[in-house]
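Residue numbers (the numbering used here): 39 to 389. Yeah, the Cβ is synthetic: ideal placement off N, Cα and C, and Gly gets one too.
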């Protein structure tokens with residue numbers, strides 16, 4: 039089974055499980071957006087709406103003594119804009135009990151609040167459109183202002199130091215060095231590929247052996263939304279991949295994982311989480327004052343490509359951004375830096 043099909047299947051089962059815990063009209067809402075959203079988006083909405091309904095049951099009189107799957111459109115008609123605004127304020131900090139009975143503190147910043155507000159708004163838009171509610175309070179809510187975050191990326195010397203650490207493991211603990219002997223070739227191939235292409239972790243995880251073409255130095259990946267694309271890599275990345283291919287040919291993968299390029303020590307397709315952990319492990323050994331994640335490696339590639347090419351459309355295309363505005367906003371700091379540098383190039387009078 040293709041990796042993207044496996045993910046689709048897993049998310050579909052998770053959505054079905056979540057819908058059992060939600061009001062009946064939410065299922066109708068999901069059916070209405072099935073053709074225009076990804077299954078991952080709908081799973082995210084399901085989680086966010088569950089938080090919203092739990093908040094209402096705990097904090098709104100109209101929802102007292104009502105189980106979540108008993109909520110109907112009569113209850114939804116009683117929700118006012120102020121209730122949604124109070125929900126957004128609640129998201130700043132709240133506590134919940136996890137499956138192990140432990141108390142967990144939850145916080146949300148602007149981006150987290152915006153995502154949850156988006157789920158609530160889309161639900162109300164649907165209910166209002168099909169005349170299940172008489173008003174649409176979601177339209178009255180201001181979207182939380184999202185402040186631009188500084189791009190955290192690696193400097194060229196930090197890239198070199200990180201790759202050296204992945205290759206040699208000099209600063210790892212004694213226990214980590216033991217495992218490093220088994221994974222260093224794979225880990226170097228993964229980190230080099232992320233730094234050399236800017237691909238997402240999910241895209242890297244989904245690569246199959248047959249997706250890599252050393253003739254063109256290209257690798258086929260599955261972007262967000264299921265669209266396939268080919269990204270190209272340098273000879274340095276090719277060398278790291280080639281070394282891993284020699285190792286990969288000797289590994290007999292577990293059933294169902296035979297096609298996967300990158301494998302875990304359990305001989306199964308490596309997970310997003312495993313790659314996040316290995317990047318963190320190596321970076322913490324050699325890079326101070328920066329929390330480096332796979333996404334920061336992606337930012338490093340995007341920044342380097344933009345500084346070298348000055349072509350924001352090229353960066354957007356290679357990174358797989360559906361809208362160039364996303365790229366422009368993300369790299370606005372560098373655009374400003376380039377504009378400032380323009381002042382040095384034009385001389386009015388020789389001194």
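Exercise. Buried or exposed: where does residue 338 fall if 16 or more other Cβ atoms within 10 Å of its Cβ makes it buried?
Worked result: buried
Exercise. Among 137, 157, 165 and 258, which has the Cα closest to the Cα of residue 32?
Worked result: Residue 32 lies beyond the stretch modelled for the chain, which goes from 39 to 389, so this question has no answer here.
Problem set entry | Per DSSP, the bridge partner or partners of residue 256 | 251 and 270
Problem set entry | Proximal residues to residue 214 (C-beta, below 8 angstroms), its chain only, five neighbours per side dropped | 207 and 319
Problem set entry | Length of the line joining the Cα atoms of residue 49 and residue 98 | 31 angstroms
Exercise. Beta-carbon separation of residue 191 and residue 334 under 8 angstroms?
Worked result: yes
For this session: State buried or exposed for residue 303, treating a residue as buried only when at least 16 other CB atoms are found within 10 Å of its CB.
Result: exposed
Exercise. Do you know offhand how far residue 300's Cα is from residue 360's?
Worked result: 27 angstroms
Problem set entry | Start-to-end residues for the beta strand (DSSP E) that takes in residue 50 | Run containing residue 50: none in the beta strand (DSSP E); it sits in the alpha helix (DSSP H), 41–57.
For this session: Evaluate residue 157 with the Cβ neighbour count: other Cβ atoms within 10 Å of its Cβ, from every protein chain shown; 16 or more gives buried, anything less gives exposed.
Result: buried
Exercise. How about residue 122 and residue 176: are their beta carbons less than 8 angstroms apart?
Worked result: yes
For this session: Starting from residue 133, follow the beta strand (DSSP E) in both directions and report where the run begins and ends.
Result: 131–135
Exercise. How many Å lie between residue 138 and residue 144 at the Cα?
Worked result: 16 angstroms
Exercise. Do you know how far the Cα of residue 68 is from the Cα of residue 51?
Worked result: 14 angstroms
For this session: Pull up the CB-CB distance for residue 233 and residue 199, whole angstroms please, since I reckon it's below 8 angstroms.
Result: Not really, about 12 angstroms apart at Cβ, beyond 8 angstroms.
Problem set entry | Residue burial classification, residue 114 (beta-carbon count within 10 angstroms, cutoff 16) | buried
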